[in-house]
Each structure stands twice: as structure tokens, then as C-alpha cells.
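Each residue of the sequence shown is one higher than the one before, starting from 365 at the first, in this note's numbering. Where a beta carbon is used, it is the ideal one built from N, C-alpha and C, also for glycine. Predicted, not measured: the structure shown is a model, and the values here were computed from it.
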Amino acid sequence: MANIVSDVICPFCGTLCDDLEVELSDDGKKILEVYHACAIGAEKILHSQAEDRITRPRMMQEDGTTKEISYEEAAKYTAKILCYAKKPLMYGWSSTSCEAQSVGHSIAEAVGGIVDNTATVCHGSSLIAVQDVGIPSCTLGEAMNRADRVVFWGCNPAHAHPRHMSRYSVYPRGFFTGKGSKSRKVFVIDPRKTDTASLADVHLQIEQGRDYELLSALRVAFRGEKLPDVVAGIPKDQIYEAADLLKSGRFVIIYFGMGVTQSLGKNHNIDIAIAVTRDLNDYTKAAIMPMRGHYNVTGSGEVLGWQYGFPFCVDLSRGIARYNPGETSSNDLLMRDEVDAVFVLGSDPGAHFPFSSVKKISQLPSVAIDPHLTPTTAVCKLHVPVAFVGVEVGGCCYRMDNVPIESRKVVDPPEGMLTDQEFLELVLAEVRKCKGV
365 MANIVSDVIC
375 PFCGTLCDDL
385 EVELSDDGKK
395 ILEVYHACAI
405 GAEKILHSQA
415 EDRITRPRMM
425 QEDGTTKEIS
435 YEEAAKYTAK
445 ILCYAKKPLM
455 YGWSSTSCEA
465 QSVGHSIAEA
475 VGGIVDNTAT
485 VCHGSSLIAV
495 QDVGIPSCTL
505 GEAMNRADRV
515 VFWGCNPAHA
525 HPRHMSRYSV
535 YPRGFFTGKG
545 SKSRKVFVID
555 PRKTDTASLA
565 DVHLQIEQGR
575 DYELLSALRV
585 AFRGEKLPDV
595 VAGIPKDQIY
605 EAADLLKSGR
615 FVIIYFGMGV
625 TQSLGKNHNI
635 DIAIAVTRDL
645 NDYTKAAIMP
655 MRGHYNVTGS
665 GEVLGWQYGF
675 PFCVDLSRGI
685 ARYNPGETSS
695 NDLLMRDEVD
705 AVFVLGSDPG
715 AHFPFSSVKK
725 ISQLPSVAID
735 PHLTPTTAVC
745 KLHVPVAFVG
755 VEVGGCCYRM
765 DNVPIESRKV
775 VDPPEGMLTD
785 QEFLELVLAE
795 VRKCKGV
């Protein structure tokens, strides 16, 4: 009889699919197969079984080679560089549990560090917009059951969130959308002809970086007022038609991604997208939701919010929480040479930050806590491998719609390997010894 673990949470993206089934060996120690997951989620879970996986911390030597050390030695080194730094940067947090994030924030508070998560290069501008004007949103379940007008603006879920359309947004049969995709009109606003766009009923192929103009034009079209012949590369007739289709729906959901948050306008794009949603609520019911990427980046913002009142870019170096994106955000600090130690957990800035920032990380005392071998672990002075959150250890995580879900443990980690929370607790204990508290 197959040894199946059901209702497993996928630890890949912010959709947090909670219907996975994992087949284990008879002794329950090895993962054999993953069912219901997308290709990326299945590969992430199966990667925990890699035969060449690093299972002990490794310190980089002066000659460029690495030397295996114990977790205790790694914790002492980490505590030392954080305690002796004047302004350490503690970045990442998006692929770990809320419990581990909380311990990490205690370390940052003790050493006067700066805590920043991957929203700083992703949906940070969305958070700024929400702070400006609020957000009329809903849960993915409500969108699945009610939305008959689905808008994907600046995102490509077919690749970035492969099961989003089949579980929540396009294909599922909801309570008020009983015919699935036939109950819905799908809109895609994207300068590229993406795979998502190929499935859309309406594809507005906007000119790059002109989202604000098209969003403004929709607000004008809702009111039936005059538009120029072409706005952002879209003929006015198409804009009027799209506006009428949206107004005629029973429930409109707008999903937006980094094509809006990181293009010209940034948080102002989101301000006006929220205004479009608010305008639609004069004619029908409408909601808007960011397509959050990393597994638990939403949870990182939530935990920082509970503890310090700000969702990212939190500067604790003065003994109080300060928040000023552009000043206290990771890339700005690294480019201005304002930090003197770097701590990375649950992300890979080495693959996504500008070269100048990665070069600075390689020159500073640095620690990368990650079960994977990544570009970041290659440039940091210390790599601490830990158990896979969502596979080898459970914990709380937040879906992209801010719904908390408890992930579950499927198998044990390799013998002697710590979880990230356990390692952070070791570091916190060493920091308290160093600080005499």
C-alpha cells in the first residue's frame, strides 16, 4: 500500500497550493513522487532528496576553498560579525516560516540591524501604495467563487504561478461561476504576447512603462468621457470596450505583478490601479490583489508589521524602528556602502541584485542560510545549510491574499541538520552572550 502524505502545502510561490500529495518510501524517509503540484513546486520538494546536498556549514578560506565547520562554530561566527558590525543588513526572509522570521527579528533588534525582505525588489511599491490609499481586496477563495471578470495586469501566472489559473482565477467552477472559464472574461494587459495573454478574451498590448496612462484612461472611459485616439498604444475603441465589459461584470478581480510595480511609476501605478478598483465599485463589485511571488514573502511583511509597524526596509540601528524605502532598502544601502556585514536567509540576492550590490556582499563579512547552493552562497563567507521549510519542517506561512496557512512536515531532514529556526536560536543565544544580556 502506498505511503501517501496528503494536504501538503507547496513551498514555492505565494499561491500556496494546499492539495499536494507526496508519496514516501515504505520507511517514510524518502520522497518518491509529488502529485498535483506544478513542475516548479514538485522540483523544489524533490530537490530536498538530492544526493549531493550540502548538510553541514561551510566556511570560505583565504585560498577560496571551503572548510566544513559545526553549527555551533557557524552560530558563533554569525553572532560575532553581527555584534561587531555598526550597521548589519539582514535580508531575505521570504522562503522561511513566520516563527523563524520572528527569531531573526529578535537578533536584528539586539544588534541594531536592518531587516529587509524580497519585497524591496518586488512588491514593495505595492505596500507603499496600500499605505497611501488602502486596498479593496478579497481572498482567493472569494475571487474563485464570485469573479466573472479576471484581469491580469503586468503578470504572467502561466509561468510565475502555474496553478493559479486552474485553482483560483480562470478555470475552477465556483459557487457563482459554475461553468468555470466559460463563466469568466479574462483580460491581460501586457506589452508581450505571453502564454497567459494567449488564453485571454481581451489582450491590451500596452506600450512598455505606460501603465499609469492606460489606468487613467480606463477611469475616463468608465465615465463615458472623451479619450484621445490612442492611449499607451491602445486605440480608444478598445479601451471603451474593455471598460464596458468590466462594468458589466458581477465581480471584477484585478491581479497585478511586477510589470506594474517595477516599471515607470512604481507605487503611483498601484495608487491609480486601486483607484480604478474603487471606481469600478460604483458600478459593480471589484477587488485587487498583488501576485506575490516568494513562498512566504507576505508572511515576512506581516511579522514585521506586528513587531515594528512596517512591512519591509526596517532600520533598527538607532534602537527604534525606522522605515524609509530608498534610504533603508537593501540595494540603496549596499550601493552607498553603508552596511558592514550581510546576513541572508531564505532568498538569493546574488541572482537578482545588481552586480555592484553582489560585489559588495562578496567583500563584506557575510552569511547565507539556505538549503540550496546558490549564487549567494557562492559569494558569502559562510554558508549554513538548513532543513527545507514546508518539506522537512512545518510552520506558519501567508498566502498572497494574506490568509495564514500552517505548512506541514513531510520527512525528516538529514541527520544532524538544523532547521533555520533552531540555527537562529543558537545565533540569538550567542548574540546575547556577546551583548551581556
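Margin query: Could you pull the DSSP bridge partners for residue 747 from this structure?
Written below: Counting from one through the sequence shown, the residue named residue 747 turns up at place 383. DSSP lists 422, 732 as the bridge partner or partners of residue 747.
Next item on the list: Consult DSSP for residue 777 and reduce its assignment to one of helix, strand or coil.
Entry: For the purposes of this step, residue 777 is taken as residue 413 along the sequence shown, with counting starting at 1. Residue 777 carries a coil assignment under DSSP once its states are collapsed to helix, strand and coil.
Notebook entry, point to check: Near residue 762, which residues of its chain fall below 7 angstroms by C-beta distance, leaving aside the five closest residues on each side in sequence?
Noted result: Here residue 762 refers to the residue found at position 398 of the sequence shown. Excluding its 5 nearest sequence neighbours in each direction, residue 762 has C-beta neighbours in its own chain below 7 angstroms: 660, 662, 663, 666, 768, listed in chain order.
Note to self: Using only CA atoms, which one of 594, 639, 422, 449 lies nearest to residue 728?
What the structure shows: Counted from its first residue, the sequence shown places residue 728 at position 364. Of the candidates 594, 639, 422, 449, the one whose C-alpha sits nearest the C-alpha of residue 728 is 449.
Item checked: Reference residue 478; option with closest CA among 595, 562, 681, 575 -> Translated into the one-based positions of the sequence shown, residue 478 becomes position 114. Ranking 595, 562, 681, 575 by Cα distance to residue 478 puts 681 first.
Note to self: Which residues does DSSP list as the beta-bridge partners of residue 761?
What the structure shows: In the sequence shown, counting from the first residue as 1, residue 761 sits at position 397. In the DSSP output, where bridge partners are listed per residue, residue 761 has 769.
Notebook entry, point to check: Just how far apart, CA to CA, sit residue 674 and residue 694?
Noted result: Taking the sequence shown and counting its residues from 1, the one referred to as residue 674 is at position 310. Taking the sequence shown and counting its residues from 1, the one referred to as residue 694 is at position 330. Distance from the CA atom of residue 674 to the CA atom of residue 694, rounded to whole angstroms, is 15 angstroms.
Check: From this set, 508, 542, 540, which residue's C-alpha is nearest residue 527's C-alpha?
Finding: Position 163 of the sequence shown, counted from the start, is the residue given in the question as residue 527. The shortest Cα separation from residue 527 among 508, 542, 540 belongs to 508.
Note to self: Could you compute how far the alpha carbon of residue 683 sits from the alpha carbon of residue 457?
What the structure shows: Taking the first residue of the sequence shown as 1, we reach residue 683 at position 319. Taking the first residue of the sequence shown as 1, we reach residue 457 at position 93. The alpha-carbon of residue 683 is positioned some 21 angstroms away from that of residue 457.
Checklist line | 8 angstroms CB neighbourhood of residue 549 in its chain, flanking five on each side removed | finding: In the sequence shown, counting from the first residue as 1, residue 549 sits at position 185. Around residue 549: 512, 513, 514, 565, 566, 609, 613.
Item checked: Residues sharing a beta bridge with residue 388, DSSP -> The count along the sequence shown starts at 1 and reaches residue 388 at position 24. By DSSP's assignment, residue 388 forms a beta bridge with 367, 395.
Check: What is the DSSP secondary structure of residue 722, reduced to helix, strand or coil?
Finding: By 1-based counting over the sequence shown, the position of residue 722 is 358. Helix at residue 722.
Checklist line | Range covered by the alpha helix (DSSP H) that runs through residue 714 | finding: Walking along the sequence shown from the start, residue 714 turns up at place 350. Looking at the DSSP string, the run of the alpha helix (DSSP H) that includes residue 714 is 713 to 716.
Notebook entry, point to check: Do residue 459 and residue 801 have their C-beta atoms within less than 8 angstroms of each other?
Noted result: Locating residue 459 in the sequence shown gives position 95, counting from the first residue. Locating residue 801 in the sequence shown gives position 437, counting from the first residue. No, they are not a contact pair.
Check: Quick one, which of 569, 573, 581 has its alpha-carbon nearest residue 631's?
Finding: Counted from its first residue, the sequence shown places residue 631 at position 267. Among 569, 573, 581, the Cα nearest to that of residue 631 is on 573.
Check: Just to confirm, does residue 605 get its C-beta within under 7 angstroms of one of the non-hydrogen atoms of the ligand GTP?
Finding: Summarising the ligand content, the structure contains no ligands, and the ligand GTP is consequently not present.
Next item on the list: Can you tell me which of 755, 760, 551 puts its alpha carbon nearest to the alpha carbon of residue 813?
Entry: Residue 813 falls outside the range modelled here, since the chain spans only 365 to 801, and no answer is possible.
Margin query: Report the CB separation of residue 475 from residue 447 in whole angstroms; it is logged as a contact under 8 angstroms.
Written below: Taking the first residue of the sequence shown as position 1, residue 475 is located at position 111. Taking the first residue of the sequence shown as position 1, residue 447 is located at position 83. Going by Cβ atoms, the distance from residue 475 to residue 447 rounds to 6 angstroms, so yes, they are a contact pair.
Notebook entry, point to check: What whole-angstrom Cβ distance do residue 413 and residue 394 have, given they're in contact under 8 angstroms?
Noted result: Start at 1 with the first residue of the sequence shown, and residue 413 comes out as number 49. Start at 1 with the first residue of the sequence shown, and residue 394 comes out as number 30. Contact holds; Cβ gap of about 6 angstroms.
Checklist line | Cα-Cα separation, residue 438 to residue 697 | finding: The residue given as residue 438 occupies position 74 in the sequence shown. The residue given as residue 697 occupies position 333 in the sequence shown. Their Cα atoms are separated by approximately 25 angstroms.
Margin query: Mapping the DSSP letters down to three states, classify residue 641 as helix, strand or coil.
Written below: Translated into the one-based positions of the sequence shown, residue 641 becomes position 277. In this structure, residue 641 counts as helix in the three-state DSSP scheme.
Notebook entry, point to check: Under three-state DSSP, which class holds residue 654?
Noted result: Here the question's residue 654 lines up with position 290 in the sequence shown. Looking at residue 654 - three-state DSSP - the assignment turns out to be strand.
Notebook entry, point to check: Touching or not, the region 478 to 487 and the region 720 to 735, by the rule of three or more beta carbon pairs under 8 angstroms?
Noted result: Contact between the region 478 to 487 and the region 720 to 735 is absent, with fewer than three C-beta pairs closer than 8 angstroms.
Check: Who does residue 599 pair with in a DSSP beta bridge?
Finding: Residue 599 sits at position 235 when you count from the first residue of the sequence shown. The partner list for residue 599 (beta bridge, DSSP) reads 594.
Next item on the list: Give the straight-line distance between the Cα atoms of residue 640 and residue 789, rounded to the nearest whole angstrom.
Entry: Within the sequence shown, residue 640 is the residue found at index 276, counting from 1. Within the sequence shown, residue 789 is the residue found at index 425, counting from 1. Answer to the nearest angstrom: the Cα atoms are 46 angstroms apart.
Next item on the list: To the nearest angstrom, report how far apart residue 701 and residue 562 are at their CA atoms.
Entry: Counting from one through the sequence shown, the residue named residue 701 turns up at place 337. Counting from one through the sequence shown, the residue named residue 562 turns up at place 198. Answer to the nearest angstrom: the Cα atoms are 45 angstroms apart.
Next item on the list: To the nearest angstrom, report how far apart residue 545 and residue 535 are at their CA atoms.
Entry: Counted from its first residue, the sequence shown places residue 545 at position 181. Counted from its first residue, the sequence shown places residue 535 at position 171. Answer to the nearest angstrom: the Cα atoms are 5 angstroms apart.
Item checked: Local conformation of residue 521 per DSSP, three classes -> If you number the sequence shown from 1, residue 521 lands on position 157. Residue state, collapsed to three classes: helix.
Notebook entry, point to check: Would you say residue 517 and residue 618 are within 8 angstroms of each other, going by their C-beta atoms?
Noted result: Here residue 517 corresponds to residue number 153 of the sequence shown, with the count starting at 1. Here residue 618 corresponds to residue number 254 of the sequence shown, with the count starting at 1. Against a cut-off of 8 angstroms, the Cβ pair of residue 618 and residue 517 comes out as a contact.
Notebook entry, point to check: When you compare only the Cα positions, how much space is there between residue 398 and residue 766?
Noted result: In the sequence shown, the residue the question calls residue 398 occupies position 34. In the sequence shown, the residue the question calls residue 766 occupies position 402. Put simply, the backbone Cα of residue 398 is about 26 angstroms away from that of residue 766.
Note to self: Please return the same chain residues whose Cβ sits closer than 7 angstroms to the Cβ of residue 743, not counting the five positions on each side in sequence.
What the structure shows: Numbered from 1 along the sequence shown, position 379 holds the residue referred to as residue 743. Around residue 743: 714, 722, 725, 726.
Next item on the list: Take residue 520 as the anchor and find which of 462, 584, 622 has the nearest alpha-carbon.
Entry: On the sequence shown, position 156 is the one that residue 520 refers to. When only C-alpha atoms are compared, the closest one is 622.
Item checked: Beta-carbon proximity check, residue 705 vs residue 452, cutoff 8 angstroms -> Numbered from its first residue, the sequence shown carries residue 705 at position 341. Numbered from its first residue, the sequence shown carries residue 452 at position 88. Taking 8 angstroms as the Cβ cut-off, residue 705 and residue 452 qualify as a contacting pair.
Next item on the list: Would you tell me roughly how many angstroms separate the C-alpha atoms of residue 492 and residue 690, rounded to the nearest one?
Entry: In the sequence shown, counting from the first residue as 1, residue 492 sits at position 128. In the sequence shown, counting from the first residue as 1, residue 690 sits at position 326. The alpha-carbon separation between residue 492 and residue 690 amounts to approximately 12 angstroms.
Check: Which same chain residues, not among the five before or five after residue 442, have their C-beta less than 6 angstroms away from its C-beta?
Finding: Position 78 of the sequence shown, counted from the first residue, corresponds to residue 442. 731, 791, listed in sequence order.
Next item on the list: In angstroms with no decimal places, state the Cα-to-Cα distance between residue 495 and residue 482.
Entry: For the purposes of this step, residue 495 is identified with residue 131 of the sequence shown, where counting begins at 1. For the purposes of this step, residue 482 is identified with residue 118 of the sequence shown, where counting begins at 1. Computed Cα separation, rounded: 18 angstroms.
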